[in-house]
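**Q** First residue of the sequence shown? That's 1 in UniProt numbering, and the numbers climb one at a time after it.
We put the beta carbon where it would ideally sit given N, CA and C, even for glycine.
Got a structure here, written out as structure tokens. Questions coming.
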Amino acid sequence: MVTLAEVAKHAGVSASTVSYVLSGKRSISTPTRERVEKAISELGYHPNAGARALAGKRSHIIALVVPLRTDVYVPIMMEIAISVTVAARSHGYDVLLITNDEGPEGLRRVAASGLADGVILMDVELDDARIPVLRETGTHAALIGLPADSRGLACVDHDFAGAGALCAEHLADLGHQDIAFIGYAPGVYQRHAGYAERTLSGFRERAAQRGLRVLHRPCEGSYESTAGALSRILADRPDTTGFVVQNEGAIGPLLSLLRTSGRVVPEDASVVALCPDPLAEQYSPRLTAVTGPAHELGRQAVELVMNRLDDRPTAEVSLLTPVLTPRESSGPAPVR
1 MVTLAEVAKH AGVSASTVSY VLSGKRSIST PTRERVEKAI SELGYHPNAG ARALAGKRSH
61 IIALVVPLRT DVYVPIMMEI AISVTVAARS HGYDVLLITN DEGPEGLRRV AASGLADGVI
121 LMDVELDDAR IPVLRETGTH AALIGLPADS RGLACVDHDF AGAGALCAEH LADLGHQDIA
181 FIGYAPGVYQ RHAGYAERTL SGFRERAAQR GLRVLHRPCE GSYESTAGAL SRILADRPDT
241 TGFVVQNEGA IGPLLSLLRT SGRVVPEDAS VVALCPDPLA EQYSPRLTAV TGPAHELGRQ
301 AVELVMNRLD DRPTAEVSLL TPVLTPRESS GPAPVR
């Protein structure tokens with residue numbers, strides 16, 4: 001890593017001159033400043049967080065690590081990102097977007113360069129490889145998601161286990177006994193995405209308490225993959241009358257496939273989705289849905305980072321309560 005002393009030597013000036021150029025605390029002649037700036041550019045120097053602290057300066061930037069995956073629902077990710085940006089601006093901060101494909105090394109780069117005063121991580125996995133870097137570097141951070149070990153971390157998330165439980169409870173109250181859970185693509189579970197695993201765990205636990213028979217079938221979300229999942233469900237459990245869907249891409253295909261198979265919703269089959277209310281309202285029949293405010297995740301994550309920057313105490317984990325809104329896609333189990 002390039003040091004301030006190396007920049008000074010390259011520019012033919014003292015280290016204090018380089019520091020003054022960076023901090024703006026003293027007037028430096030234009031030729032000298034340009035020479036220093038050229039040396040900084042040629043050497044690829046980034047002032048580290050320690051130097052910023054000594055200079056009494058903050059970058060007033062928050063780094064937001066956003067997922068670039070084909071298996072995430074982009075509108076929700078964008079809603080969270082916009083919420084983070086708006087909340088950050090209310091504190092006089094700008095947002096630097098970093099893609100999660102940079103992984104732990106991307107966080108190391110941000111921490112070493114002092115580009116950002118704090119970091120917000122999205123798409124958190126249960127055993128997320130980025131978390132040891134946060135602890136090692138002492139980076140001020142907030143997580144939108146809940147890892148398996150949240151000690152010492154500031155986290156905000158939907159209560160996905162509670163959301164899964166609400167789905168099972170609702171269908172059990174309507175008299176359904178055989179319920180299928182159509183989830184995300186297999187890769188989401190293989191990488192232990194917290195939102196997927198916690199929802200499924202909460203659903204299974206409440207289903208067991210209510211004596212329900214359940215199946216879980218991962219699904220890519222395309223029409224073909226949804227057709228395959230439904231075919232396997234009905235082959236294994238032909239008496240299935242309740243469907244829980246945690247895959248936005250599979251909702252439309254499932255409703256269409258149920259119709260073409262002669263199953264009327266909700267008379268013959270009830271469907272409950274984990275999705276935003278605007279999406280639930282688009283379908284016919286309108287979907288019974290469990291949801292939570294995505295914008296609130298972004299706002300609270302920014303507040304957590306601000307609290308850490310100002311050494312204010314914060315709760316380690318904040319879970320937002322899910323809400324189930326009954327609509328026309330769920331009804332009493334058919335009498336057989």
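Per DSSP, what kind of secondary structure is glutamate 125 in: helix, strand or coil?
**A** If DSSP states are grouped into helix, strand and coil, glutamate 125 belongs with the strands.
**Q** Could you name the residues of the same chain whose beta carbon sits closer than 6 Å to that of isoleucine 61, not counting the 5 residues immediately before and after it, in chain order?
**A** Counting only Cβ-Cβ distances below 6 Å, and skipping sequence neighbours, we find Asp94, Leu96, Ala116.
**Q** Residues in its own chain within less than 8 Å of glycine 187 by CB, not counting five upstream and five downstream?
**A** If we look at glycine 187 and ignore the five residues flanking it on each side, its Cβ neighbours are Asp71.
**Q** Determine whether the beta carbon atoms of threonine 15 and leucine 22 lie at a separation below 8 Å.
**A** One detail in the question is off: residue 15 reads as alanine in this sequence, not threonine. No, the pair does not count as a contact, with Cβ atoms beyond the cut-off.
**Q** Between the alpha carbons of alanine 163 and isoleucine 40, how many angstroms are there, rounded?
**A** Going from the Cα of alanine 163 to the Cα of isoleucine 40 covers about 51 Å.
**Q** For arginine 206, does the count of other Cβ atoms within 10 angstroms reach 16, so buried, or fall short, so exposed?
**A** By the 10 Å Cβ count, arginine 206 comes out buried.
**Q** Closer than 6 Å by C-beta to leucine 304: which residues in its own chain qualify, once you throw out the five before and the five after it? Chain order, please.
**A** Excluding positions up to five away in sequence, the list reads Ala142, Ala154, Thr314.
**Q** If you draw a straight line from the alpha carbon of valine 317 to that of arginine 263, how long is it in whole angstroms?
**A** Roughly 42 Å between the two C-alpha positions.
**Q** Counting pairs of Cβ atoms below 8 Å between the stretch 320 to 336 and the stretch 287 to 296, do you hit three or more?
**A** Yes, the stretch 320 to 336 is in contact with the stretch 287 to 296.
**Q** Do leucine 230 and leucine 200 have their CB atoms nearer than 8 Å?
**A** In this structure, leucine 200 does not lie closer than 8 Å to leucine 230 by Cβ.
**Q** As a quick exercise: from Met306, Lys9, Pro238, pick the residue whose alpha carbon is nearest that of arginine 89.
**A** Among Met306, Lys9, Pro238, the Cα nearest to that of arginine 89 is on Met306.
**Q** Skipping 5 residues on each side, what residues in its chain have a beta carbon closer than 8 Å to that of histidine 91?
**A** The residues are Val302, Met306.
**Q** Under 7 Å Cβ to Cβ from leucine 234, same chain only, skipping five residues before and after it: list those, please.
**A** For leucine 234, where only same-chain residues beyond five positions count, the Cβ hits under 7 Å are Thr240.
**Q** Do isoleucine 131 and leucine 297 come within 8 Å of each other at the CB atom, strictly closer than that value?
**A** Cβ atoms of leucine 297 and isoleucine 131: not closer than 8 Å.
**Q** Under 8 Å Cβ to Cβ from arginine 259, same chain only, skipping five residues before and after it: list those, please.
**A** Only Val265 meet the Cβ criterion.
**Q** Report yes if the C-beta distance between leucine 212 and alanine 180 is below 8 Å; otherwise report no.
**A** In this structure, alanine 180 does not lie closer than 8 Å to leucine 212 by Cβ.
**Q** Taking Cβ positions, are leucine 146 and aspartate 157 nearer each other than 8 Å?
**A** In contact: leucine 146 and aspartate 157 (Cβ atoms closer than 8 Å).
**Q** Please report the residue range of the alpha helix (DSSP H) in which alanine 111 lies.
**A** Per DSSP, alanine 111 belongs to the alpha helix (DSSP H) from 103 to 113.
**Q** Name the two residues that bound the continuous beta strand (DSSP E) containing leucine 287.
**A** Counting along the chain, leucine 287 falls outside any beta strand (DSSP E), and DSSP gives it neither H nor E.
**Q** Which residues mark the beginning and the end of the beta strand (DSSP E) in which leucine 97 is found?
**A** It spans 94 to 99 - the beta strand (DSSP E) in which leucine 97 sits, taken as one unbroken run.
**Q** Tell me which residues share the same chain as aspartate 159 and place their Cβ nearer than 7 Å to its Cβ, disregarding the 5 neighbours each side in the sequence.
**A** Excluding positions up to five away in sequence, the list reads Leu319, Leu320, Thr321, Pro322.
**Q** Work out the CA separation of alanine 112 and valine 133 for me, nearest whole Å.
**A** Roughly 11 Å between the two C-alpha positions.
**Q** Mark glutamine 246 as exposed unless 16 or more other C-beta atoms lie within 10 angstroms of its C-beta, in which case mark it buried.
**A** Answer is buried; the Cβ neighbour count reaches 16.
**Q** Helix or strand or just coil, what does DSSP make of alanine 273?
**A** Alanine 273: strand per DSSP, three-state reduction.
**Q** Just the C-alpha distance for glycine 103 and leucine 121, rounded to the nearest angstrom, thanks.
**A** Distance between the alpha carbons of glycine 103 and leucine 121: 11 Å.
**Q** Taking the C-alpha atoms as reference points, what is the distance between glycine 152 and arginine 108?
**A** If you take the alpha carbons of glycine 152 and arginine 108, they lie about 19 Å apart.
**Q** I'd like the list of long-range same chain contacts for residue 342, defined as Cβ closer than 7 Å, with 5 residues on each side in sequence excluded.
**A** Because the chain in this structure spans residues 1 to 336, residue 342 falls outside the shown range and cannot be described.
**Q** What three-state label does DSSP hand aspartate 149 in the structure shown?
**A** Residue state, collapsed to three classes: coil.
**Q** Mind checking leucine 68: buried by the 16 CB within 10 Å criterion, or exposed?
**A** So leucine 68 counts as exposed.
**Q** What does DSSP give as the partner residue(s) for threonine 325 in the beta ladder?
**A** Looking at the DSSP assignment, threonine 325 forms a beta bridge with Ala289.
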